[in-house]
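Beneath this line is the structure, given in structure tokens, with notes to follow.
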Amino acid sequence: MSQFQVVEHPMIQHKLSILRRKDVSTKEFRELVDEIGMLMAYEVSRDLPLEDVQIETPLMTTTQKQLAGKKLAIVPILRAGMGMVDGILKLIPSARVGHIGMYRDEETMQPVEYLVKLPTDIAERRILLVDPMLATGGSAILAIDSLKQRHVTNIKFVCLVAAPEGVKALQEAHPDVDIFAAALDEKLNQQGYIVPGLGDAGDRLFGTK
0 MSQFQVVEHP MIQHKLSILR RKDVSTKEFR ELVDEIGMLM AYEVSRDLPL
50 EDVQIETPLM TTTQKQLAGK KLAIVPILRA GMGMVDGILK LIPSARVGHI
100 GMYRDEETMQ PVEYLVKLPT DIAERRILLV DPMLATGGSA ILAIDSLKQR
150 HVTNIKFVCL VAAPEGVKAL QEAHPDVDIF AAALDEKLNQ QGYIVPGLGD
200 AGDRLFGTK
């Protein structure tokens, strides 16, 4: 079974508490998602492999460490996932960015895929699949299906707020994908929204409430 980890760093928890407030402006919401994304990237990238490299300092030649092996790609689930990309890129500026577009059918509550645009070497990269919310798990499962159809084998799912139902569904569908969240909330309501949650992340990010 995949690993599920709540990233409990005090700065992440503090910023998430502000993010949840209904009176936070679009500008503040966007900035907070950006900041939390960057902070979470530190934890998510903890296991990246290193290799020795010889460099010249102003004083001498020395052997130091640099990232090795497969390079990273960040793949946001559109549209809310876009809010987390810039923060991660600040930490890992060499990462490529792909996009998977989904919307939720309001009658069936099921995700519908409308766009997949990925780097040509996506199968050779470590993937951070990002979306602020893990609610029913449907969008994440479908996005991972799309990645695996393109021979991607190394995927981590990164979100801000998760519901137990979504974690369970994602782990059952893709037991090889580790899940990182800033919080595990109480449940889903009858409309399929996370409670206490933080509302519709896409609407709050882009001011389309």
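The sequence shown runs 0 to 208 under numbering that gives the first Met the number 0.
Even for Gly, the Cβ is constructed at its ideal location relative to N, Cα and C.
Beta-bridge pairing of Arg29 - partner residues as DSSP gives them: Translated into positions along the sequence shown, residue 29 becomes position 30. Beta-bridge pairing links Arg29 to no other residue.
For Gln65, the three-state DSSP class (helix, strand or coil): Locating residue 65 in the sequence shown gives position 66, counting from the first residue. Here Gln65 sits in strand by DSSP.
Residue from Leu66, Pro174 and Val151 whose Cα sits closest to the Cα of Glu50: Taking the sequence shown and counting its residues from 1, the one referred to as residue 50 is at position 51. Cα-wise, what sits closest to Glu50 is Leu66.
Sufficient close CB pairs (3 or more, under 8 Å) joining the stretch 58 to 65 to the stretch 8 to 15: no
Per DSSP, cross-strand counterpart(s) of Lys186: As a first step, residue 186 is located in the sequence shown; it is residue number 187 there, counting from the start. Answer is Val194, bridged to Lys186.
Ile54, buried or exposed, once every other Cβ within 10 Å from all chains shown has been counted against 16: Position 55 of the sequence shown, counted from the start, is the residue given in the question as residue 54. Exposed, by the Cβ-count rule.
Inter-stretch contact at 8 Å, needing at least 3 Cβ pairs: the stretch 131 to 140 / the stretch 114 to 122: no
Expected contact under 8 Å - CB spacing of Ala180 and Ala161 to nearest Å: Indexing the sequence shown from 1 puts residue 180 at position 181. Indexing the sequence shown from 1 puts residue 161 at position 162. That pair is a contact at about 4 Å.
The beta strand (DSSP E) enclosing Glu164, as first and last residue numbers: Position 165 of the sequence shown, counted from the start, is the residue given in the question as residue 164. Glu164 -> not in any beta strand (DSSP E); alpha helix (DSSP H) instead, spanning Pro163 to Ala172.
Neighbour-count burial assignment, Asp104, 16 or more Cβ in a 10 Å radius: By 1-based counting over the sequence shown, the position of residue 104 is 105. Looking at its Cβ environment, which holds fewer than 16 other Cβ atoms inside 10 Å, Asp104 is exposed.
Beta-carbon gap between Gly201 and Arg78 smaller than 8 Å: Counted from its first residue, the sequence shown places residue 201 at position 202. Counted from its first residue, the sequence shown places residue 78 at position 79. Cβ atoms of Gly201 and Arg78: closer than 8 Å.
Own chain partners of Phe28 with C-beta closer than 7 Å, once the 5 adjacent residues on each side are dropped: Here residue 28 refers to the residue found at position 29 when the sequence shown is read from its first residue. The answer, listed in chain order, is Leu18, Arg203 and Leu204.
Val129 - partner residues in DSSP beta bridges: The residue you call residue 129 lines up with position 130 of the sequence shown. Per DSSP, Pro75 and Val157.
Selected residue, minimal CA-CA separation from Leu90, among Ser138, Ala142 and Ile35: Taking the sequence shown and counting its residues from 1, the one referred to as residue 90 is at position 91. Cα-wise, what sits closest to Leu90 is Ile35.
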